[in-house]
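Protein chains in written order, with this note's numbering: chain A, 1 to 420; chain B, 1 to 420.
Note that beta-carbon positions come from the ideal geometry of N, C-alpha and C, so glycine has one too.
This structure is a prediction, so every number in the text was calculated from the model and none was measured.
A short worksheet on the structure shown next.
There are 2 protein chains.
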Amino acid sequence: MNAVSDDQTSLLHQAAHAGRAAARTLAMSTNAQRNAALHAAASAIRQAAPAILAANEADLAGYNGSAAFRDRLVLTPARIEAMAAGLDIVASLDDPLARILAEWTRPNGLRIKRIAQPLGLIGMIYESRPNVGADAAAIALKSGNAILLRGGSESFWSGQAIHAAISTGLRAAGLPDACVQIAPSTDRAFVAAMLAAAGLIDLIIPRGGESLVERVRREARVPVLAHAEGLCHTYVHAEANHAMARSIVANAKMRRTGVCGATETLLIDQAIAPALLPDLIADLRALGCDFRADAAARALIPDLPAAREGDFDTEWLDAILSVKIVADLPDALAHIERHGSEHTEAIITENPEAAEQFLNGISSAVGLWNASTQFCDGGEFGFGAEIGIATGRIHARGPVGPEQLTSFRYVIIGDGQIRP
Amino acid sequence: MNAVSDDQTSLLHQAAHAGRAAARTLAMSTNAQRNAALHAAASAIRQAAPAILAANEADLAGYNGSAAFRDRLVLTPARIEAMAAGLDIVASLDDPLARILAEWTRPNGLRIKRIAQPLGLIGMIYESRPNVGADAAAIALKSGNAILLRGGSESFWSGQAIHAAISTGLRAAGLPDACVQIAPSTDRAFVAAMLAAAGLIDLIIPRGGESLVERVRREARVPVLAHAEGLCHTYVHAEANHAMARSIVANAKMRRTGVCGATETLLIDQAIAPALLPDLIADLRALGCDFRADAAARALIPDLPAAREGDFDTEWLDAILSVKIVADLPDALAHIERHGSEHTEAIITENPEAAEQFLNGISSAVGLWNASTQFCDGGEFGFGAEIGIATGRIHARGPVGPEQLTSFRYVIIGDGQIRP
C-alpha cells in the first residue's frame, strides 16, 4: 500500500477528475432520475446474473484462502437477487437532498437556509465481499455522490461484472458512467494514490478487517469515515427480566459472531448473577460458545475459563465471550469507558431510570435498551443498506446510509443588505 | 512545528487526559449550569479588565511586528467589554445538546432516536488575536465540549489573563477547571504534540493565516475543521438593480479587506457592464481600491490595471479587486468552479430564476442573493460568535457555532427484540 507509482497515480487522477465532473451532474439531478438509475441497475444486475456468476467462478478458481473468507466471496442466485433488491429498496427511500435542515430570519431581514448537499466523490476501499460494492454504489447514487470503488483482488472479476451492470443502469437513466467507477486493476499503488488524493476525493470509506482500516487511517490525507473496532458490551442489570436477558444475550453473541455489532463482553450485576448467570452460560454453551471469565464469575461457575490480561480489550469476532460481574451500573459504565470502542452497547433492565442512566452515560455511537447489539446495521435502521459503520466523533456515527453521506450549504436571501 | 519533544508531549498528554475527563462531566451537565459558567466568566472578564490590560501591555512591549498585526493584538476596555458581552450572548442561545435530530419506529417495534452529543475535546490553535480564545471557549462550553487553547506567542500574557478569568467562571458554576485549558508555554513542540494526539483530541480547529492552516492540515493526525482560503466572488447579473449593486459591491470588497468573507473577484455580465461597471469602479476607487481587470473590462475602462496569470486565483486580503466581464450566468458559474475556494459567493439580480440557478450551481459553503459576502460570519448568522469557518465537505461548513460542534449518537428502545 506504500508503493507509489506514477502510472497508478495518473490513472487515479483521471478517474477522480471524471468522478468529480459526474458528481456535479449528480448534484443537479432529480431524485426521480437517481431512482430510475437505481431501478435500472437492479434490473441489469438480475439480467446479468449468469455473467456475474461466471465472473465469480473465475475469482473462486483462483482463490486458496480460508473457508470463512471463501464464503464471503461466493455469489449465488439468491445473493445476486438480494443485491438487486437492495438497490430497489434504496431507491424507495426519501430523497436525502430535498431537505432544508434549518431556516431562520435575522433582525436585518436576511433569510438563512441550511440545505443538504452531497459530499462529492467518495472513495470506497473494501475487501472480498462483492455485494459491498453494489450497496455502496446504491447509497452514494441515492445521495447524489459519485463513487470510486476499489475492491479486494480476490473478487476482482465479480466486481467488474457487477460494475458493468450498474453502468447499464446509469446509462438507461441518462447519468454519466463516471458516477460509479471501479479501479481498473488490483495494483496496490492505486490505493496509495487514492489515499493521497486530498482535494480530489472528498471522503474515503474503508470496509474490511482491522488491518485494512488501520492502514487507511494511518496513510490517508483525505478524510476517512470508518469504525476501528466493535468491542460491544451487553450489560444485564439487576432488574432484568430473566427470559428476555437469556434471549437477547444468546442472540447478541451468537447470531453471527463475525460482525462488528456482535457482543464481545457480558457485564452482569452481582445482585442478579447467582440466579441468572448459570442459565446464560448454559444457553450459550449449547450454541457452541466459549468463555473468558473474571474471578467473581468463576466463583459462581468454577469451570469457566479464566480471563487473562487483555481479554476484556479483545474483539473476539468468534464464539468467545468475555464475562465480568460488576457491582452496579456505575461500575458497568466505568468498565465500558475503559475497555469499549464507542461502537454499540446494550442494557437489559425493566427499570426505566437505570436504562436512562446507562444510555446517557455511554458515548458510543449506538446504545440499546432491551434489544440485541446485532441490530447495529443499516438495513435494520431502515436505511436499505449501509456504506459502513462510523465510530469517530466527527460527521457521522453508527450505520451510514444516504442521509449521512450528505453535508450542507447555506443559502442566504437578502434585499440589498450590506454589513455595517 | 515539526520539533518533537518528550517534555511537551507529556505535558500535552496530561492536559488532554484532564480535558477528556472534564468533557465527560460537561456532557452530563445541564444547559443552566453551562450558561451559569458563561455568565460568571463574562463577569470575571469585566472585573479582571485591569489585569487583562496590563497583561496585554506586557505582550505589546515585546512586540515588533507590523502595525496591522499589532492592531489585532491590542486590547482596549471596549474590546474587553465586547469579549464579555460575547460570552453572555452565547449563553442566551438555544441548548445545542437538547435536540432529538430524528426519531422513528421500525416495523419490529424498535424506537430509534438520533440525539445530539458533544464532540469531546477540541484543540484550538490560533494566532495573535486574544479574543479568539474567549470566543472559542464560549462556543465549546455551550456545546458541552472541553477545549485546549494554544494561542500565538505574541499574545501569550493576554491569553493567560483571559483564561484565568474564564477559570473563575467555571469554578463559580461548579464545573472542572479543565473544561477550558490554555497551553502552559509557547513551545512549538506543544503544537506538534496536539496535532499528533489522535484519540486524545477529537477535533483540531486552526484559526489564522493560510500558512498556519496549511501546516496544521498537513501534519495533523486528528480531524481538522478549517477553511483554506476565502476566494469569494460577487457576480453582478444582467438584471441587477444598479443602486443595490453599487452598495453591495463596495461593502463586499471594502468594508474590511482582511477578512475571509471579503470579495476578491467581481464578475459582471457583459450586458450590464457598459452601463454599470464605470460606476462600480468609481465607487471603489473613491474608497481606495485598486484593480486587476481582464481585457474586456479594460476595453470599457482603459486605465484599469491588467490582470496577470494567477490574479483570479489570488486571495488579496487587501484593497485590490480582480474584475472580469462574463458572457452570462453559466460563464460566471464556470469561472467560480475553476477559481473559487468553496467559501462564499453572492449574486446581485432582480431575477429569481437566475438567483436560484446561481445558488444551486455553486457548491460553496455560503451563497447569497442580493447581500454582501461580508455576512459570512458567526455573529451575523446569529451564533453569538464563531469558533471558525469551515470550507471542507465533511461535518460542518460555513461559520461554526455551538450547534456544529456537536455530533450525534443513536438511542434504541426495545422490548426484547432479537435479530432474526
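Candidates the options: closest to residue i by CA position
i	options	result
aspartate 328 of chain B	B/Ser372, B/Ala44, B/Gly123, B/Ala238	B/Ala238
serine 185 of chain B	B/Ser153, B/Ala173, B/Val213	B/Ser153
alanine 220 of chain B	B/Ser128, B/Gly123, B/Gly133	B/Gly123
threonine 76 of chain A	A/Thr349, A/Asp331, A/Ile52	A/Ile52
leucine 266 of chain B	B/Asp290, B/His395, B/Phe190, B/Gly169	B/Asp290
arginine 72 of chain B	B/Ala84, B/Asn56, B/Ala85	B/Asn56
alanine 40 of chain B	B/Ala78, B/Ser5, B/Gly120, B/Ala138	B/Ala138
valine 411 of chain B	A/Leu359, A/Gly414, A/Glu380	A/Leu359
glutamate 229 of chain A	A/Val259, A/Ile248, A/Ala252	A/Val259
isoleucine 347 of chain B	B/Val326, B/Ser364, B/Ala334, B/Asn370	B/Asn370
glutamate 214 of chain A	A/Arg397, A/Ile389, A/Ile89, A/His227	A/His227
leucine 321 of chain A	A/Ile281, A/Cys376, A/Gln8, A/Leu110	A/Ile281
cysteine 376 of chain A	A/Ala262, A/Ala84, A/Phe190	A/Ala262
alanine 172 of chain B	B/Asn35, B/Ile418, B/Gly384, B/Glu264	B/Asn35
glycine 384 of chain A	A/Phe69, A/Arg70, A/Ile89, A/Glu345	A/Ile89
alanine 16 of chain A	A/Asp202, A/Ala68, A/Gly169, A/Ile80	A/Asp202
leucine 121 of chain A	A/Ser66, A/Leu317, A/Ala21	A/Ala21
proline 118 of chain B	B/Asp59, B/Ala164, B/Pro274, B/Cys179	B/Cys179
isoleucine 301 of chain B	B/Pro274, B/Asp313, B/Leu317, B/His339	B/Pro274
arginine 24 of chain A	B/Gly361, B/Gly388, B/Arg70	B/Gly361
glycine 169 of chain B	B/Leu141, B/Ala183, B/Ala293	B/Leu141
aspartate 303 of chain A	A/Asp318, A/Val323, A/Leu317, A/Ala319	A/Val323
alanine 85 of chain A	A/Thr349, A/Thr234, A/Gly379, A/Ala18	A/Gly379
Residue i, buried or exposed, once every other Cβ within 10 Å from all chains shown has been counted against 16
i	result
tryptophan 157 of chain B	buried
glycine 310 of chain B	exposed
arginine 393 of chain B	buried
threonine 105 of chain B	exposed
asparagine 2 of chain A	Residue confidence for asparagine 2 of chain A is low, a pLDDT of 48 falling below 50, so the modelled location carries little weight; the figure read from the coordinates is stated next. When all chains shown are included, asparagine 2 of chain A counts as exposed.
glutamine 181 of chain B	buried
proline 420 of chain A	exposed
threonine 30 of chain A	exposed
asparagine 64 of chain B	exposed
leucine 287 of chain B	exposed
arginine 256 of chain A	exposed
glutamine 160 of chain B	buried
serine 143 of chain A	buried
serine 167 of chain A	buried
proline 305 of chain A	exposed
serine 155 of chain B	buried
alanine 32 of chain B	exposed
glutamate 264 of chain B	buried
Beta-bridge pairing of residue i - partner residues as DSSP gives them
i	result
tyrosine 410 of chain A	A/Arg114, B/Val366
lysine 324 of chain B	B/Leu267
glutamate 103 of chain B	B/Lys113
arginine 292 of chain A	A/Ser322
alanine 121 of chain A	Just to set this straight, residue 121 of chain A is leucine in the shown sequence, not alanine. Leucine 121 of chain A is bridged to A/Ala146.
alanine 306 of chain B	B/Ala293
isoleucine 80 of chain A	Note: isoleucine 80 of chain A sits in no beta bridge, so no partner.
cysteine 232 of chain B	B/Thr263
alanine 198 of chain B	B/Ile201
glutamate 345 of chain B	B/His233, B/Gly367
7 Å Cβ cutoff met for residue i and residue j
i	j	result
alanine 193 of chain B	leucine 12 of chain B	yes
leucine 243 of chain B	valine 236 of chain B	Checking the displayed sequence, the identity of residue 243 of chain B turns out to be alanine instead of leucine. No. Outside cutoff.
isoleucine 112 of chain B	alanine 134 of chain B	no
glutamate 315 of chain A	leucine 231 of chain A	yes
glutamate 342 of chain B	serine 372 of chain B	no
alanine 37 of chain A	leucine 175 of chain A	yes
alanine 296 of chain A	isoleucine 325 of chain A	yes
glutamate 386 of chain B	valine 366 of chain B	no
alanine 42 of chain B	leucine 87 of chain B	yes
arginine 222 of chain B	alanine 197 of chain B	One detail in the question is off: residue 222 of chain B reads as valine in this sequence, not arginine. In contact: valine 222 of chain B and alanine 197 of chain B (Cβ atoms closer than 7 Å).
isoleucine 418 of chain A	isoleucine 248 of chain B	yes
* Asked: Does the segment 402 to 409 of chain A touch the segment 94 to 105 of chain A, meaning 3 or more C-beta pairs lie closer than 8 Å?
  -> Counting C-beta pairs with one atom in each stretch, the segment 94 to 105 of chain A and the segment 402 to 409 of chain A have three or more that are closer than 8 Å, which means they touch.
* Taking 8 Å as the threshold, find out whether the segment 205 to 218 of chain A comes into contact with the segment 125 to 145 of chain A through three or more Cβ pairs. => yes
* To do: Would you check if there are 3 or more beta carbon pairs closer than 8 Å linking the segment 44 to 51 of chain A to the segment 138 to 153 of chain A?
  => no
* Asked: Can we say the segment 269 to 279 of chain B touches the segment 353 to 360 of chain B, given the rule of at least three CB pairs closer than 8 Å?
  -> no
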